[in-house]
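So the structure is just underneath, and the comments pick up after that.
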Amino acid sequence: MDSLWTDRIAAGALGMRSSAIRDLLKLTTQPDMISFAGGLPAPELFPTEEIAAASEQALVEAPLATLQYGPTEGFAPLREMVAGWVGRLGLSVPADQVLITAGSQQGLDMIGRLLIDPGAPVAIEEITYLGALQAWQTCQPNYLRLPIDEGGLDVEALAALLAGGARPRFLYIVSCFQNPTGVTLAPERRARLVELAARYSLPIVEDDPYGELYYEGQRTTPLAALDIAMHGEPRHVVYLGTLSKLLAPGLRVGWIVAPRPLLDQLVMLKQGLDLHTGSMAQAVAYYACRDGLLDQHIPRIRALYGERRDAMLAALAGERAMPAGTRWTRPGGGMFLWLTLPEQIEAEALLERALAQKVAFVPGHQFHPGGGGANTMRLNFSHSGPAQIVEGVRRLGAALWAGA
Numbered sequence: 003m004d005s006l007w008t009d010r011i012a013a014g015a016l017g018m019r020s021s022a023i024r025d026l027l028k029l030t031t032q033p034d035m036i037s038f039a040g041g042l043p044a045p046e047l048f049p050t051e052e053i054a055a056a057s058e059q060a061l062v063e064a065p066l067a068t069l070q071y072g073p074t075e076g077f078a079p080l081r082e083m084v085a086g087w088v089g090r091l092g093l094s095v096p097a098d099q100v101l102i103t104a105g106s107q108q109g110l111d112m113i114g115r116l117l118i119d120p121g122a123p124v125a126i127e128e129i130t131y132l133g134a135l136q137a138w139q140t141c142q143p144n145y146l147r148l149p150i151d152e153g154g155l156d157v158e159a160l161a162a163l164l165a166g167g168a169r170p171r172f173l174y175i176v177s178c179f180q181n182p183t184g185v186t187l188a189p190e191r192r193a194r195l196v197e198l199a200a201r202y203s204l205p206i207v208e209d210d211p212y213g214e215l216y217y218e219g220q221r222t223t224p225l226a227a228l229d230i231a232m233h234g235e236p237r238h239v240v241y242l243g244t245l246s247k248l249l250a251p252g253l254r255v256g257w258i259v260a261p262r263p264l265l266d267q268l269v270m271l272k273q274g275l276d277l278h279t280g281s282m283a284q285a286v287a288y289y290a291c292r293d294g295l296l297d298q299h300i301p302r303i304r305a306l307y308g309e310r311r312d313a314m315l316a317a318l319a320g321e322r323a324m325p326a327g328t329r330w331t332r333p334g335g336g337m338f339l340w341l342t343l344p345e346q347i348e349a350e351a352l353l354e355r356a357l358a359q360k361v362a363f364v365p366g367h368q369f370h371p372g373g374g375g376a377n378t379m380r381l382n383f384s385h386s387g388p389a390q391i392v393e394g395v396r397r398l399g400a401a402l403w404a405g406a
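Numbering (the numbering used here), first residue to last: 3 to 406.
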């Protein structure tokens with residue numbers, strides 16, 4: 003009886019694995035646990051009053067649009083609003099080139115279903131977002147892994163790959179404050195990447211959930227904006243965005259900006275997945291943000307997360323906090339930094355000792371689709387306050403020294 007269903011699982015689904023991050027969330031709900039594991043926004047920043055007021059407004063001003071089935075493309079006022087937001091970044095597109103999704107994670111799932119056949123080559127960063135790898139597990143791509151460093155993707159390695167005849171279905175890249183490493187693609191590499199896309203007709207899937215979360219300097223220009231500047235319209239770059247890091251992840255509201263031919267295909271695919279993103283969530287997002295809430299709210303997020311990033315960097319650099327030879331990234335924004343331990347220390351084994359010390363992180367091998375990274379880890383700094391961060395790093399250090 004137990005095998006009635008499991009024996010019938012499709013071949014592409016047999017390799018599915020649970021996310022270590024989602025599994026760790028079950029442990030990190032313990033009140034005395036300090037978690038650097040999840041990519042969770044700070045709950046004290048959720049604009050609960052504005053969202054409550056928006057819920058009431060939506061039901062009063064647009065009850066049918068809020069509670070009834072809606073168009074697959076999304077709630078029209080929200081699409082107009084998103085077109086305005088991305089337009090300020092240089093993505094000058096009409097609202098009919100915006101598709102509202104159930105978070106940008108659904109956008110990744112849809113792109114995989116539409117573009118990846120079993121064995122199809124897909125170019126990715128050698129350390130990349132775990133959620134994308136999970137979304138495409140059943141598609142069974144052949145990953146072409148490209149190195150990254152402090153300046154982001156090694157674009158010249160991609161150029162060599164393309165010059166050698168490789169033709170990926172697309173390149174996937176988290177362009178700003180990458181999850182998990184925190185690195186950002188350098189401006190000169192962005193220009194070169196868009197040039198390569200044009201030369202080799204390379205599609206690019208740009209995932210940009212963290213671009214607004216910069217704590218120094220200015221907002222980085224998306225690849226999609228450079229693509230539009232070159233061609234006058236979206237051609238090579240599909241752009242994914244989300245409200246999860248800026249408003250509230252529980253709403254599950256994201257978007258895709260894409261060339262019309264691709265967008266039409268994505269709409270037909272979405273019709274079979276969920277008909278449309280939840281009407282209530284879309285309406286609440288629209289009414290909460292239509293009068294400029296994000297322009298007021300995002301600077302508060304930047305200030306708080308910037309302070310927390312600084313607290314984590316200072317704690318890691320403290321005397322005897324980390325063993326000699328330990329390195330970490332210094333991100334200019336986002337929610338994560340990447341820590342590399344001395345080669346003889348395995349993060350998976352360290353996690354057991356860390357959990358005993360009541361501190362959690364994500365072992366880095368989860369983000370290496372080609373294997374490796376046993377001595378690396380991802381640390382989140384957005385969810386815990388500065389005092390918790392200092393204490394959490396102390397506990398992590400205690401776990402490290404206990405195993406030395």
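Positions of the beta carbon are idealized from the N, C-alpha and C atoms, including for glycine. From a predicted model like this one, the values you see are computed outputs, not experimental measurements.
Using a Cβ-Cβ cut-off of 8 Å (strictly less than) and excluding sequence neighbours within five positions of residue i, which residues of its own chain qualify?
i	result
G105	T244, S246, P251, R254, V255, G256
R292	P79, M83
I150	E127, E128, I129, D156, Q180, T183, V185
I need the DSSP call for residue i, collapsed to helix, strand or coil.
i	result
A151	The displayed chain sequence assigns Asp, not Ala, to residue 151. Note: D151 maps to strand in three-state DSSP.
M314	helix
G274	helix
T31	coil
W403	helix
M3	The pLDDT assigned to M3 is 45, lower than 50, so where the model puts this residue is not dependable; a value taken from the coordinates is nonetheless given after this. DSSP places M3 in coil when its eight states are reduced to three.
L93	coil
G86	helix
G219	coil
I300	helix
L101	strand
I118	coil
G234	coil
M18	coil
G320	coil
E58	helix
G50	A quick correction: the sequence has Thr, not Gly, at residue 50. Looking at T50 - three-state DSSP - the assignment turns out to be helix.
G252	helix
G308	helix
D293	coil
L265	helix
E75	coil
I113	helix
D229	helix
S106	helix
If contacts are defined as beta-carbon pairs under 8 Å, then residue i and residue j qualify, I think. What distance do you get, rounded to the angstrom?
i	j	result
A199	H238	4 Å
R201	L155	Wrong, their Cβ atoms sit about 16 Å apart, outside the cutoff.
L209	L242	Residue 209 is actually Asp in this sequence, not Leu. Between L242 and D209 the Cβ distance is about 5 Å, and since that is below 8 Å, they are a contact.
R355	A401	4 Å
A2	A60	With the chain running from 3 to 406 in the structure shown, residue 2 is simply not present.
H278	T74	5 Å
E127	I175	6 Å
F179	Y212	4 Å
I347	N377	6 Å
H385	L42	4 Å
P344	P365	With a Cβ gap of about 15 Å, P344 and P365 do not count as contacting.
G121	A137	So it is not a contact: roughly 17 Å between Cβ atoms.
I258	L101	5 Å
I230	A317	So it is not a contact: roughly 41 Å between Cβ atoms.
Counting only the same chain and skipping the five closest in sequence on each side, list residues whose C-beta sits under 6 Å from that of residue i.
i	result
M3	Residue confidence for M3 is low, a pLDDT of 45 falling below 50, so the modelled location carries little weight; the figure read from the coordinates is stated next. No residues qualify anywhere along the chain.
L195	V157
M18	Q139
A12	none
V240	V207, A260
V361	I36, G394, R397, L398
F363	F38, A39, M379, L381
I'd like the list of long-range same chain contacts for residue i, defined as Cβ closer than 7 Å, with 5 residues on each side in sequence excluded.
i	result
P96	A85
Y217	R304, Y307, G308, R311, G334, G335
A67	F77, S281, A285
I300	E214, L248
G184	T331, P333, G336, F338, L339, W340
Y289	A56, Q59, A60
M314	L339, L381, F383, I391, V395
Tell me, please, which residues DSSP counts as bridged to residue i.
i	result
R10	DSSP output for R10 lists no bridge partner at all.
E127	L148
Y241	E208, V259
F338	N382
W330	L341
I36	V361
Is the CB of residue i under 8 Å away from at least one CB in chain D?
i	result
A317	Absence of chain D from the displayed structure is noted, only one protein chain being present.
Fill in: Entirely enclosed alpha helix (DSSP H) segments - the segment 161 to 217, minimum 4 residues
189 to 202
Worksheet item: Going along the chain, which unbroken runs of the beta strand (DSSP E) with 3 or more residues stay wholly within the segment 358 to 397?
Response: 378 to 382
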